[in-house]
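Whatever position you read off the sequence shown (first residue = 1), add 730 for the numbering used here.
Everything on this sheet refers to the single structure shown next.
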Amino acid sequence: MHDQLAGGVAMSGRRVLVVDDDPGILAGLDLLLKAEGLTTRGFTAWQAAAEAALAECDLALLDVYIGNQNGHDVLKRILALDPLLPVIMVSGQASPEEALRAVQAGAFDFVEKPFAPERLLLTAHNALRWRELNVTLLNTAVPVRASAAMRAVCAQAARMARSGAPVLVGGESGVGKDLVAGLVHVLSARSERPFVKLNCGAIARDLADSELFGHARGAFTGADREYAGRIAAAAGGTLFLDEVGELPAAVQVKLLRFLENGEIQRVGETSPRRVDVRVIAASNVDLAAAAAAGQFRQDLYFRLAVLQLAVPPLRERPADILPLVRHCLAQVAARDGRHLSQLEADAECALEAYAYPGNVRELKNLVERLACLGLATIDATAVAAALGTDPVPSAAVARPLANLLSRTLPLAEAKLELERAYLAAQFELHDRSVKATALALGLLPNNLSRRMKQLGIG
């Protein structure tokens, strides 16, 4: 009956975590949900096993009163672990106040015991559809998040999306702060309203006031028509202020006033206008330090930094590098109607070995240069040419050395692997000449040759 959700989302095989201290309720829900093709995991208390099972679930049903445990505390724990997991709170002691409290705390919905099967199933179906839509939005907003660091950032963004408070996103230039800001917006209740961007460092300082707050016709020379401004354009939605630290001091004062009372005053007007907008700001400098040094208004900093997110540089999340490269190569190929280039193993090593001081922005530019070469396969030489660097050692050398640092081995085994990787790298760097390699390392060629054979290098 309910095997298919509205929007074509399949129900069969979805996993539901149920936490209720009544074994009879667990058994009844198991029968009801299994009849719909759902898989259930039931627990009579919130415990380590339930938390472990959470990672494999698409929906949670949680009793408000679980023995001596508080379901609201468990709800907070669940949402901290997975902000996109819909949680349906249930209780036999329901009240409108209890239901409101649960929803305000982040529950998807509240269902009263004893359950009306149709009501519970409809709520479960809607919750699963909500999760499906939000996961799709997440994949669209931040398509690459292979690293644990970026998954953590996205989880934080999802939690912050539930709030209407200002968010300050920090991180180096080019890390993708705008993508994270967009993610907060699309996962929020404002997602159907505008998401308006303004790069505060890209506008003339004398026009910042007008650009942000708008102006009346005739307010200044050249103002031949009225302009609503970016804040008004974002009404009901989200305003993203990139490089907010570049705003002139006078405009900082007006922005602070808007954050305090929700009112703007256009240049050339005397009456304020009320506008409902959530503000997300970003900066590639330490705004807290700038505020402490008197280079940015401290009161404005505190207003903007109610919630804070830090996007790590690409060099601190190497697991994202190759997925990003492949994603960008596919985008360029689709845009230009090109054949999708493949990466040789040594090219992958070269791409992973580079530090990317310009972060994701630099990586995208690099991919554009590589794609323009029109190669069916991209090797380390092509990467080095695009970067303007010397080729890195081959994949057979570089990858074992990198992998060694991420594994725990007996010391003797680690030393052996390190020696093998080091000698192989030196052999490559000296054009695979045993004599030249031995000379560089201060060894006799015969001794080096024998050791290389023992280590399987040749």
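A virtual CB, placed ideally from N, CA and C, is assigned to each residue, including glycine.
The structure displayed is predicted, hence computed values, not measured ones.
Taken through DSSP and simplified to helix, strand or coil, I933 comes out as coil. In summary, F970 is buried, with 16 or more beta-carbon neighbours lying within 10 Å of its beta-carbon over all protein chains present. The residue among W860, Q982 and A1011 with its C-alpha nearest the C-alpha of A1040 is A1011. Counting only residues of its own chain and dropping the five nearest sequence neighbours on each side, A895 has a CB closer than 7 Å to the CB of V1036 and L1037.
The Cβ neighbour count for N800, taken over all protein chains shown within 10 Å, is under 16; the residue is labelled exposed. The C-alpha of A1022 lies about 38 Å from the C-alpha of N869.
For S1013, the enclosing beta strand (DSSP E) covers residues R1008 to S1013. Beta bridge pairing from DSSP links A1040 with G900. In the three-state DSSP reduction, D803 falls in the helix class (H, G or I).
Assignment of beta-bridge partners to K927 by DSSP yields F970.
Contact check for A832 against F840 passes: the beta carbons are separated by less than 8 Å. Apart from sequence neighbours up to five positions away, the residues of its chain that approach I933 with a beta-carbon distance below 7 Å are E941, ordered along the chain. E956 carries a coil assignment under DSSP once its states are collapsed to helix, strand and coil.
The stretch 916-935 makes no contact with the stretch 1040-1056: fewer than 3 CB pairs, one atom from each, lie closer than 8 Å.
Scanning its chain for C-beta atoms nearer than 8 Å, with the 5 sequence neighbours on each side dropped, one finds around S903 the residues N1014, G1088, N1089 and R1091, in chain order. At the C-beta level, L789 and L851 stay beyond 8 Å of one another. With fewer than 16 other beta carbons inside 10 angstroms of its own, P1140 counts as exposed. Bridge partners of H945 according to DSSP: Y957 and V997.
In this structure, L1146 is the residue among Q982, L1146 and L1174 with its C-alpha nearest to the C-alpha of Q1184. Residue ranges of uninterrupted beta strand (DSSP E) with 3 or more members, entirely inside the stretch 853-921 and ordered along the chain, are 897-900. Around L768, the same chain offers R744 and V746 as residues with beta carbons nearer than 6 Å, after the five sequence neighbours per side are excluded.
Proximity to N929 across P813, I1187, K907 and A779 peaks at K907, based on C-alpha coordinates. A straight line joining the alpha-carbon of R889 with that of V1009 spans about 16 Å.
Where S821 is concerned, there is no enclosing alpha helix (DSSP H), although the beta strand (DSSP E) around it starts and stops at V817 to S821.
Secondary-structure assignment with DSSP links Q1072 through a beta bridge to T1107. Bounds of the alpha helix (DSSP H) holding V981 are A979 to N991. Going by beta carbons, I1187 and L1148 fall outside the 8 Å limit. Between the C-alpha atoms of A1080 and D1161 there is a straight-line separation of about 18 Å. Residue environment: H1069 is assigned as exposed (fewer than 16 neighbouring CB atoms within 10 Å of its CB, all protein chains considered). Under the three-state reduction of DSSP, V794 is assigned to coil, being neither helix nor strand. In the DSSP assignment, L768 falls outside any alpha helix (DSSP H) and carries neither an H nor an E. The C-beta distance from L913 to A887 rounds to 5 Å, short enough to meet the 8 Å contact threshold. By the neighbour-count criterion, in which a residue is buried when 16 or more other Cβ atoms sit within 10 angstroms of its Cβ, V1113 is buried. For V1005, no alpha helix (DSSP H) encloses it, and the DSSP letter there is neither H nor E.
The Cβ atoms of Q982 and R935 lie no closer than 8 Å to each other.
One thing to note: L863 has its Cβ no nearer than 8 Å to the Cβ of A891.
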